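All remarks here apply to the structure that follows.
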Amino acid sequence: DNLDGMTAFITGGASGIGFALAKECASRGMTVLLADIEAAELETARAKLEAQGARAFAYRLDVSDKDQYREVAAAVLAEHGAPYMLFNNAGVGGGGSAALGKIGDWEWTVQVNILGVAYGLSLFVPAMIESGQRGYVVNTASLAGLITAPFGMAIYTMTKHAVVSLTESLAHELREHDMHAAVICPGRVSTRIYADDRNRPGAHRDGDFTPRDPALRDVSKAMLADGLPPEELAARTFVALEERRTYVITHSEYRESVAARHRQIEAAMRGEPDTDADIIALGQAERR
Ligand code: NAI
4 DNLDGMTAFI TGGASGIGFA LAKECASRGM TVLLADIEAA ELETARAKLE AQGARAFAYR
64 LDVSDKDQYR EVAAAVLAEH GAPYMLFNNA GVGGGGSAAL GKIGDWEWTV QVNILGVAYG
124 LSLFVPAMIE SGQRGYVVNT ASLAGLITAP FGMAIYTMTK HAVVSLTESL AHELREHDMH
184 AAVICPGRVS TRIYADDRNR PGAHRDGDFT PRDPALRDVS KAMLADGLPP EELAARTFVA
244 LEERRTYVIT HSEYRESVAA RHRQIEAAMR GEPDTDADII ALGQAERR
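Start counting the sequence shown at 4; every next residue gets the next number (my numbering).
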């Protein structure tokens, strides 16, 4: 595709993977519409893109606030028309286990990671179809959307499975409009997601949620530090889009966990007992 002059709308565009996607879009001559909850970072990101000669616009947006999202989408459609590429990328690690998760853990993670994507779809995709541009919808899930990760990652993992599943349905539905949907499922990427609770809303902050363990945060910060650079992920995403792949998978880590989960499902379909009750948990298979 010649992307020059086309428009991309990117949530969570102020930092990490979203900003790397924005730079990749800008390098291809696209007009970039950044949306993010963090106003100062958003403006810094927009200015950086502009300094590199890009056409970049910023929209302050909490993707979990449907009224705000309605206003932002209306402004985007009025000012720029339907985007050619929609990146539903904003997400939080959330936290909270399946057994011991608090109401606030469920609410925040589901509202940002699932409903934030849902609002983006319902506010933009009809206009994208209507425009006849044959564009792209790209959702950021995670390898966590393909495996199981209990304890502090249980709720996050559930939301990413949801994003994988809805992208598969979307890809099917969009095919008749000659549009493409893809889901990015990265492993560790070097971003600031370990500090995601900077954006936890006040209503949940003083409410019922699992507080972040500072020691665990340091562990995830260190783990992410040697993750894939987000720019590399963005470049590989565009290669995958050119090939019209549905899954953008950039890491081979957890391959055995994915395979083990599928083996277990297939065993159940044959009426056989669990192949290995523990193997499906994140990284368990790899550690053996
Ligand atoms: P990040 O924390 O660097 O960037 C996330 C961006 O989203 C930030 O700019 C943040 O301000 C924004 N954001 C947070 N809540 C928001 C809300 N309610 N509304 C609008 N914007 C909001 O993290 P990263 O890693 O770039 O995360 C992007 C996506 O990548 C997320 O969906 C995450 O789950 C996913 N991901 C990240 C991986 C990693 O290792 N970093 C691995 C797999 C998936």
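Using N, Cα and C, we set each Cβ at its ideal position, and we do this for glycine too.
Bear in mind the structure is a predicted one, so any value in this text is a computation, not a measurement.
| query | result |
| --- | --- |
| C-alpha gap between residue 53 and residue 42, whole angstroms | 17 Å |
| Any non-hydrogen atom of the ligand NAI within 7 Å of residue 194 CB | yes |
| Environment of residue 55 [buried if 16+ CB atoms lie within 10 Å] | exposed |
| Distance, residue 49 Cα to residue 181 Cα | 31 Å |
| Proximity of residue 260 and residue 231 at Cβ, strictly below 8 Å | no |
| Backbone CA spacing between residue 120 and residue 190 [nearest angstrom] | 20 Å |
| Range covered by the beta strand (DSSP E) that runs through residue 63 | 59-63 |
| 6 Å Cβ shell around residue 177 - same chain, five flanking residues per side excluded | 184 |
| Alpha-carbon spacing of residue 155 relative to residue 145, whole angstroms | 15 Å |
| C-beta contact flag for residue 126 and residue 72 at 8 Å | yes |
| Any 3 or more C-beta pairs closer than 8 Å across the stretch 97-110 and the stretch 26-35 | no |
| Host beta strand (DSSP E) of residue 13 (start-end) | 10-14 |
| Residue interval of the beta strand (DSSP E) (run including residue 90) | 88-91 |
| Residue 254 (DSSP reduced to helix, strand or coil) | coil |
| Cβ-heavy atom distance, residue 14 to the ligand NAI, below 7 Å | yes |
| Cβ shell of residue 199 (< 6 Å), same chain only, five flanking positions each side left out | 95, 96 |
| Same chain, Cβ closer than 6 Å to residue 83, neighbours up to 5 away in sequence not counted | 10 |
| Inter-residue Cα distance where the pair is residue 203 and residue 252 | 28 Å |
| Reference residue 4, options 20, 245, 151, closest by Cα | 245 |
| Neighbourhood of residue 32 by C-beta distance below 7 Å, restricted to the same chain and skipping five residues each side | 6, 7, 8 |
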